[in-house]
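The numbering of the sequence shown is the working numbering, which starts it at 438 and goes up by one.
Structure record follows, encoded as structure tokens.
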Amino acid sequence: MGGKDVGNGDGLRTPLLTPLRLRKVDMIFRNFDKDANGFLDREEMANLVIAVNPRVTFTAEQINAILEEVFRTYAKYIDTARGLTIQGLRQTYADGAGDVDRDFSALGYSLDSEGGGPGTEKSIVIPITPVTTAPPTPMARSPPPARAPAGRPRSPTGGVPGAFDVADARRGPFAPPPSVTSSRPPGSLGRPGPFPAYTDISTRSSIRGGSERERDESGILSNASSADGIVFANTHVLLSDLDRILTKEDEANWRAPGAGAGGGPGSAGEEPAEEELGPEGGSGKNVSAVSKEVTELQSKIDKIPSSEEAFEAHMEIGKVLADRSKFREALVSFTKAAQLKPTNVKAHFRCGNVLYRMKNYGKARESYEKGIEVGKANPMIYTSVMPQLHVNLGITLEAEGMLLCACDHYREAAILNTQHFRALKLLGSALFGVGELDKAEQALEHAIYLRPSYADAHCDYGSTLHALGEDEKAKRMFKRALELFPEHANALYNYAGLLRDMGEFAEAVSIYDRILKLEPKNWRAMLNKAVALLGDKQHEEAKLALKDAFKITNRVELYDAIRHLKRISRKNKQLSSALESLPEQATPGRDGELAYGGQALVVELHRFQRYSQKMTSPKTMAEALEVRAFQRHTRVCRFDVTKLRAEVKDGPGIPADKKVRKAVVERIMRKLLHFLSAETFQGAMRAMNERVLSVLETKRNGMVDLALFFALIAPLCGGDVDERKRVAFQALVWASDKTSGEISERDAFKYFKVLRTVYLPPKNESSLLRQEQEEEEEELVAATRGGARAAGGTMSFREFKEVFNDPVKGFDLLETVLMLEQRDRIRHSGLACAVCAYTLVGLRYKEVNVGFSLCSLCYGEGKVPQEFKRETYVFKEMKAENRLFPERFSRFVSSGGARSPTSQPASPSSAGQQQQQQQQQDKRPSTVAAH
438 MGGKDVGNGD GLRTPLLTPL RLRKVDMIFR NFDKDANGFL DREEMANLVI
488 AVNPRVTFTA EQINAILEEV FRTYAKYIDT ARGLTIQGLR QTYADGAGDV
538 DRDFSALGYS LDSEGGGPGT EKSIVIPITP VTTAPPTPMA RSPPPARAPA
588 GRPRSPTGGV PGAFDVADAR RGPFAPPPSV TSSRPPGSLG RPGPFPAYTD
638 ISTRSSIRGG SERERDESGI LSNASSADGI VFANTHVLLS DLDRILTKED
688 EANWRAPGAG AGGGPGSAGE EPAEEELGPE GGSGKNVSAV SKEVTELQSK
738 IDKIPSSEEA FEAHMEIGKV LADRSKFREA LVSFTKAAQL KPTNVKAHFR
788 CGNVLYRMKN YGKARESYEK GIEVGKANPM IYTSVMPQLH VNLGITLEAE
838 GMLLCACDHY REAAILNTQH FRALKLLGSA LFGVGELDKA EQALEHAIYL
888 RPSYADAHCD YGSTLHALGE DEKAKRMFKR ALELFPEHAN ALYNYAGLLR
938 DMGEFAEAVS IYDRILKLEP KNWRAMLNKA VALLGDKQHE EAKLALKDAF
988 KITNRVELYD AIRHLKRISR KNKQLSSALE SLPEQATPGR DGELAYGGQA
1038 LVVELHRFQR YSQKMTSPKT MAEALEVRAF QRHTRVCRFD VTKLRAEVKD
1088 GPGIPADKKV RKAVVERIMR KLLHFLSAET FQGAMRAMNE RVLSVLETKR
1138 NGMVDLALFF ALIAPLCGGD VDERKRVAFQ ALVWASDKTS GEISERDAFK
1188 YFKVLRTVYL PPKNESSLLR QEQEEEEEEL VAATRGGARA AGGTMSFREF
1238 KEVFNDPVKG FDLLETVLML EQRDRIRHSG LACAVCAYTL VGLRYKEVNV
1288 GFSLCSLCYG EGKVPQEFKR ETYVFKEMKA ENRLFPERFS RFVSSGGARS
1338 PTSQPASPSS AGQQQQQQQQ QDKRPSTVAA H
């Protein structure tokens, strides 16, 4: 039962136990059933766990934890008085909780000679577990000052949870607490046995080890992960050569630098210095020498005349190398194996696993896709491998940030194997990441139904319920997750956030304390603990917690949090005094203006009067700011619209009606936003899915209109505004398949209607596309054209632009969005908004009678400082004050960039006059244009 991961090619189905393997399970059972009563009691089970893990030292508590999980998970196979039945032991192996071949070999057992013949089914090696450094818990509920990045929930290990992930293999219902230590030298940890411990799979050794009982009499490696089922005798010889090479490397690494041959435990300098370590462990010289010898061994295999024999040798050598984290060398072997047998799914599968571990996600994705293509051509041969290929491909796509694509493959895996609870859990987590909470709830609920003891699924289900507003049910899910795994970091963090949101601050503080006991350097937990303490009115304790957070990190989020807390605590003198001594980056006022106002007062927008009719109204500004926020969140403004135009074309996979799955849209956007990190791209696609794709998905079948999608995002891309409109028009022409370069008026007004629905969604209105009717469209066309044209008329690009700029029929809000794009980097000499107290960036709105200034957001929301109650407020739009400087410097520089001989330098007095004129203009008496 040694560490069989769900990511293996055999999948989770019961057929994993072939007749040969059933014989092995039965032999293991009989040998450990000391009293021969047909049951394994707790003592006998403990002996089995220890025996198949000769390289791992367990404590009594760890053994008890393992046995509790086994007896709870397989309760229907347990006799309360006597123990686990033989059917129960078979089921544990069938569920993938262990590798019967490895355990059988580790125990030193052997079957009769028929077990190693050509007819024997070869076991599939444990796939390589990808270990990634993922961002902080996306589903963690943190306070407004320092929210964790949005995204999908993760496994407790911080890596991508999944079929061949450490989280599922080591933290499932069979995993012990994370404190197992190794009794072997560094760099040669034995493979964990039943219900494997929390050792990082990247530190595991290969199938070889220091124990002689892992070898047969001739010294050939007999571990089941490689040797069992080998057909050709020459493969044994090659494995023996590889074993000698790796043993020599272990001996060199075990000796301390400068130590003699007797270096070992207790010797000075037990481990090599970190700077001397090669890229995959061991000293640089040793790694180079080993790589050279492995390359020679692989070249020897290339000279084998039989392609079948060479294929087997490369696969077996690759397994050993990959298990030793020698991924470059393993990739060479697996690649050559795939070249020898392009139709072998397992060769492509293992190439993908190794490439993932090397963080070459693009190539890993290609390998998995090739394996799926081959598997579909031979469905009867690779039935058990296909679900895992889809799961591993989904995990790889997640690493690239493409959650929608990953969802499709998780669904396929769940369809191919209806008992694949991890595929359903991953599907639910990915759906949460793209904002489809209802579907996520269904998938996670099904995963828990299949595996009630799955702590990760309970955690993610609780987070999903919390997002849906079902807090009491979410609370029960988190409690259940912590019952299954008390040290589940994500469950603790999300549960604490839920308690804080529910107002149960004291209990939230206790949960944050548990997190900090597990992760003392978790500054987010420390900050959230401080917020919970403030909610519980423990102000001094909160102050100490914030200071501890500053000791952990000096991130800008802490300063923002302090600033936010100070602003909301103005009416609470005790809280304000507690926060007074904490550092912050305060912004002083200027010219007697109010830099930090009191509580905000929200007034009716009609009381905001404009100094000039050319100014933007508060309502329009609020709408434009919302669109601009979406534009910045999705980053579509960071690529030129001409790149989007290049995608407006027919190609493979694009049907005539331009209806594609949302995953196709995601792939195109990933190509355009290739410069974003995976986490950032996930957040961008979530916003795009919630706002755009959800409107286009009329039948809730995952299909959207690709041409209409291009037309909707084109106005927000980078580049010239006319070019943006032209690309939107071209996308509509592409959808209509018209060769005249024009579109129908019906299509045009449908587009503008959808455009307004997406970016200016009315309240309490469902998807517009499901409500539209042909008669309404015809009436709209007739009304806009005054009946001059029939409903079937066409529209040129010139007419399209005219309608686009129309405030009623088009989308004239784009002009205001463009103004925000051009001015969102303007600074106002450190001046702060009088309401929100944040430094003014972009447009500034100054009240000409009182003298305070507002940011664009507060202006659009109708907020003013409570200290200034008036019937009306007159605002003037203040633009770039710093533009005086470019004008001043332009006197020194000609249009070509060199100094102009005819230009005269500006005198200090003239510059001063300009500043005085600007100040006088700011203080000019109001001549109000009513809003």
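From the three backbone atoms N, C-alpha and C, an ideal C-beta is built for every residue, glycine too.
Of the residues Q524, L919, L935, L929, the one whose Cα lies closest to the Cα of L905 is L935. By the criterion of a C-beta distance shorter than 7 Å, M914 is surrounded in its chain by H895, Y898, G899, L902, once the five residues flanking it on both sides are discounted. The alpha-carbon of D472 is positioned some 13 Å away from that of R479.
Residue range 744 to 760 is occupied by the alpha helix (DSSP H) that includes M752. Note that the C-beta distance between F476 and L526 is not below 8 Å.
In the DSSP annotation of this structure, L1110 is not part of any alpha helix (DSSP H), being labelled neither H nor E. For F1189, the enclosing alpha helix (DSSP H) has its first and last residue at 1182 to 1196.
With the rule of 3 Cβ pairs closer than 8 Å, the stretch 1097 to 1107 does not count as touching the stretch 1054 to 1068. Rounded to the nearest whole angstrom, the CA to CA distance from E882 to Y891 is 11 Å. L1130 has its alpha-carbon roughly 17 Å from the corresponding atom of G838. Shown here for A943: same chain residues with a beta carbon closer than 6 Å to its own, the five before and five after excluded, namely D973 in chain order. Judged by DSSP secondary structure, M817 falls outside any beta strand (DSSP E); it is assigned neither H nor E. Look at M914 here: in three-state DSSP terms it is helix. Proximity of the stretch 1117 to 1132 to the stretch 849 to 856 falls short of the contact definition, fewer than three beta-carbon pairs being nearer than 8 Å. In the same chain as V791, and ignoring 5 residues on each side of it, the C-beta atoms closer than 7 Å to its own belong to I565, A759, F764, A767, L768, F771, in chain order. By the Cβ rule, the stretch 804 to 819 counts as touching the stretch 775 to 790, because three or more pairs are nearer than 8 Å.
Taken through DSSP and simplified to helix, strand or coil, Q1303 comes out as coil. Taking C-beta atoms under 8 Å as the contact rule, P1302 and F1312 fail to qualify, at a distance of about 13 Å.
Under a 10 Å Cβ-count criterion, F1112 is classified as exposed, with fewer than 16 other Cβ atoms of the shown protein chains found around its own Cβ. Judged by their CB atoms, K1238 and K1300 are not nearer to each other than the 8 Å cut-off. For K1283, the uninterrupted beta strand (DSSP E) segment begins and ends at 1281 to 1284. The way I'd put it, the stretch 1126 to 1145 does touch the stretch 1165 to 1177; three or more beta-carbon pairs between them come closer than 8 Å. With a contact defined as Cβ atoms closer than 8 Å, L459 and M482 miss out at about 19 Å. Here DSSP, grouped into helix, strand and coil, assigns C1292 to strand. When the Cα atoms are used, P491 and S542 turn out to be separated by approximately 12 Å. Residue pairing from DSSP leaves Q735 without any beta-bridge partner. Distance between N931 and A1271, taken at the CA atoms: about 35 Å. Counting of Cβ neighbours within 10 angstroms places A884 among the buried residues, the total reaching 16 or more. Here V1141 is bridged, per DSSP, to V1097.
Across the set Y949, K916, A969, the C-alpha of A969 shows the shortest separation from the C-alpha of D938. Within the DSSP bridge table, the entry for G520 names D516 as partners.
Going by DSSP, R1262 is part of no beta strand (DSSP E) at all; its letter is neither H nor E. A straight-line Cα-Cα distance of about 7 Å links S1173 and I1180. DSSP places R1072 in no alpha helix (DSSP H); its state is neither H nor E. With 16 or more other Cβ atoms from the protein chains shown falling within 10 Å of its own Cβ, P1055 counts as buried. By the neighbour-count criterion, in which a residue is buried when 16 or more other Cβ atoms sit within 10 angstroms of its Cβ, S744 is exposed.
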